[in-house]
Amino acid sequence: MKLIINGKEEHIVQTALTVSELLKVTSVKMPDMVSVELNGEILRRAEFDTIAIHDNDKIEYMYFMGGGEL
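Taking the working numbering as reference, the numbering of the sequence shown is continuous, increasing by one, and the terminal residue is 108.
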């Protein structure tokens, strides 16, 4: 399946994936700290296990980082 992930074309062997499965397949670091936008819509984390990914979907991974001093 062809996907656009963070602006880059990716080819995924699996043809049936949920958002949660896609995070694992694409080796997303810190999946608990990422928000996912699917075709322009920000998804709720509670939906990650039920929303299916389809050929030609556009996905953006967004990481939120705190600021401050170390």
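Idealized CB from N, CA, C, for every residue including glycine.
Between ILE50 and VAL74, the C-beta spacing is not below 9 Å. As summarised for the segment 46-102, the continuous alpha helix (DSSP H) elements at least 4 residues long and confined to that stretch are 57-63, given in chain order. Separation of the CB atoms of THR53 and ALA90 is rounded to 10 Å, and the pair is thereby denied contact status at 8 Å.
ASP87 and GLY105 have their C-alpha atoms roughly 30 Å apart. In this structure, the CA atom of ASN44 is about 18 Å from the CA atom of ARG83.
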